[in-house]
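Asks: Structure provided below as structure tokens; questions to follow.
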Amino acid sequence: MNSSKLKYLLPIRSILFVGIFVVGSLIVGKELNEISNWWSIVATVVNIVTIILIIFAAKRVKSSYAELINYKKKKSKAKQIVLISLLILLVGTSGMYLAGFICYGKFPYAAPMMIAPIPLVLAILNFFVLPLTTPFAEDGLYLGCGVNSIKNKHLAILVPAFFYAVQHSFIPTLLDGKYVIYRFLSFFPLTIILCWYYREKKNPVPIMVGHALIEIASVVMILMTSISPDIYQMMLDM
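Heads up: the sequence shown begins at 12 in our numbering, then just goes up one per residue.
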């Protein structure tokens, strides 16, 4: 496999999410919106599959995962990691709230199913697994296989950023056009910034750390609502 062909892996996560949710809904005999609360578990499964695919793809081009994402020891400074983490938190939250206002006319707005309760055992397990696997899966794919495999400087930012954002439109997968647009708009500004930053600095570590922190915030909320579903109902009533 030529390293330039790695960019063709970019749609894979969107395909996997749609496939798993659609097939899952058929297997359990429920509507897509009825299984949307399982998004974090599905995301962890897709993360593991993605990481395996990236490792395999790296071997095909006679490389390694670390080389693919341009990881270098001791390249990152604490200040740099803190600043990028804060930027991810600020832009990510602002993008979500702005998209919610544009699509639903509410501010602040956050899709309720993203913090819906799941079986407590799975919520505890995913508290550790999701934040650990997501940066390696998403940043490995969209930065390592995306930004690094496209020569044109503008397309190297826009194409991976597009697929980086569009995958979120299917986490979870719902047959709702407004929801799909809302999810895409929530993340596209952030993914453009991340792809631009990575292309300039070629350092994935600050991005991956900030990404993990965002995921921790999500799994904390899911864990809270899973421990006490009344918290989720209270949030719905607000």
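A virtual CB, placed ideally from N, CA and C, is assigned to each residue, including glycine.
By the three-class DSSP mapping on this structure, what secondary structure does Phe174 have?
Replies: Under the three-state reduction of DSSP, Phe174 is assigned to helix.
Asks: DSSP three-state label for Thr184, please.
Replies: coil
Asks: Use the C-beta contact count for Glu149: other C-beta atoms within 10 angstroms, 16 or more gives buried, fewer gives exposed.
Replies: Note on Glu149: 16 or more other CB atoms within 10 angstroms of its CB, so buried under the neighbour-count rule.
Asks: Could you spell out the range, first to last residue, of the alpha helix (DSSP H) harbouring Asn58?
Replies: Trp50 to Arg71
Asks: Nearest CA to the CA of Met235: which residue from Asn137, Tyr175, Ala176 and Arg210?
Replies: Asn137
Asks: Note the first and the last residue of the continuous alpha helix (DSSP H) segment covering Ile158.
Replies: Looking at the sequence shown, residue 158 is not Ile but Val. In this chain, Val158 is not harboured by any alpha helix (DSSP H), its DSSP state being neither H nor E.
Asks: In three-state terms, what does DSSP make of Leu27?
Replies: helix
Asks: What is the DSSP secondary structure of Phe118, reduced to helix, strand or coil?
Replies: coil
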